[in-house]
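So the sequence shown is numbered by numbering that gives the first Met the number 0: it starts at 0 and just counts up by one. C-beta: ideal position from N, C-alpha, C; glycine also. Data block below; observations after.
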Amino acid sequence: MEHSLNVCVCLDTDMSSVRIEVRGCVTARNYKALLPLLTRAKGLPADAQISLDLREAAHLEQDVLDALGYTALGEMTGQLEIAGIGSMSIVLPPNPGVCMQGELPGSSQPIRPAQPAAA
0 MEHSLNVCVC LDTDMSSVRI EVRGCVTARN YKALLPLLTR AKGLPADAQI SLDLREAAHL
60 EQDVLDALGY TALGEMTGQL EIAGIGSMSI VLPPNPGVCM QGELPGSSQP IRPAQPAAA
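Now the structure itself:
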């Protein structure tokens, strides 16, 4: 089965903010599909607040955050500076899961491994 993304772009009617909500498996192979959306969002007025919301991602690879230029500081929300696109906020899931659709060759581990069940 293929890792897939489901993306919803939420734009305020006054164009003051845009939230790009991402669901599904965010892998090193498919995250590049987000880049054109982020580029278009940066075309809004300069004071528009842009947020990449990954809270509903079923699986999020560390390689993706590395490629996007994110450095974890122990927080779930932070700023992201993407080369060629610019700065925006990012919201991460509290506990990114392990993908249940199998491994892709060359894919990385999730940000945090799944926690063992309590005994």
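Pairwise C-alpha distance: residue j and residue i
i: S15; j: L34; result: 20 Å
i: A116; j: I81; result: With a pLDDT of 42 at A116, under the threshold of 50, the modelled position of this residue cannot be trusted; read the value that follows with caution. Approximately 37 Å, taken between the alpha carbons.
i: A47; j: D13; result: 10 Å
i: L10; j: P92; result: 21 Å
i: Q61; j: R39; result: 24 Å
i: S3; j: Y30; result: 10 Å
i: R18; j: D65; result: 21 Å
i: K41; j: I49; result: 8 Å
Proximity of residue i and residue j at Cβ, strictly below 8 Å
i: V90; j: L37; result: no
i: C24; j: H58; result: yes
i: A32; j: V63; result: no
Nonlocal neighbours in the same chain, by C-beta distance under 6 Å from residue i, ignoring five residues either side
i: R22; result: N5, E55
i: E20; result: C7, D52
Close Cβ partners of residue i (< 7 Å) along its chain, the five nearest in sequence each way excluded
i: G73; result: Here G73 scores only 49 on pLDDT, less than 50, and its place in the model is too uncertain to base an answer on.
i: P44; result: M14
Own chain residues within Cβ distance below 8 Å of residue i, not counting five before or after
i: L79; result: L51, L67, G68, Y69, S86, M87, S88, I89
Sheet register partners of residue i (DSSP bridge)
i: R18; result: C9, S50
i: I81; result: G85
i: L91; result: Bridge partners of L91: none, in fact.
i: G23; result: L4, A56
CB contact check: residue i to chain C, cutoff 8 Å
i: T26; result: Protein chain content of the structure displayed is limited to a single chain, and chain C is not contained in it.
4-residue-minimum alpha helix (DSSP H) runs that sit fully inside the stretch 33-66, ordered along the chain: 34-40
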